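Working notes, beginning with the structure itself.
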Amino acid sequence: MKLLTSAERAKLLDNGRRQAAVKGSHAELDFAPVVKLFDPCSAATWLLTEIDLYDETVARGLCDLGQGEPEFGAVSLVELASYRGRLGLGIERDLYFRAQG
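Pasting the structure below:
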């Protein structure tokens, strides 16, 4: 399964461009998640809000490795795409996720 659809990737890139324009100022933006990725064999979940403008292999969002300490951070899309966990399953995209609010 592809981690991102072309529409999700375009939205994440747009959010990354908008964030880069105001990075480090009081005008930094707080985006709603665009996509939810998860490991079907653990509690790890990523709610991605943007793709880094300068390195399109890096996404940012709420990263929760299932240990009770979620944090906003960066994650490598290449690493997520190549990961195989228990049972040989990879990271999946929640097809039914829609951000609320």
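Okay, so the sequence shown: first residue is 141 according to my numbering, each after it adds one. We put the beta carbon where it would ideally sit given N, CA and C, even for glycine. Computed from a predicted structure; not experimentally measured.
Alpha helix (DSSP H) containing residue i: first to last residue?
i	result
E219	217-222
Which of the three DSSP states is assigned to residue i in this structure?
i	result
E148	helix
G225	coil
A199	strand
D234	coil
Look at the alpha carbon of residue i and the alpha carbon of residue j, and state the distance between them as a whole number of angstroms.
i	j	result
G201	E232	16 Å
T197	L153	11 Å
L169	Q159	6 Å
Name the two residues that bound the continuous beta strand (DSSP E) containing residue i.
i	result
T189	185-191
F178	175-178
Counting C-beta neighbours from all protein chains within 10 Å, is the total for residue i 16 or more, i.e. buried, or is it exposed?
i	result
G213	exposed
V162	exposed
T145	exposed
D234	exposed
G164	exposed
Report all residues from its chain with a CB closer than 7 Å to the CB of residue i; omit the five preceding and five following residues, and keep chain order.
i	result
E211	C203
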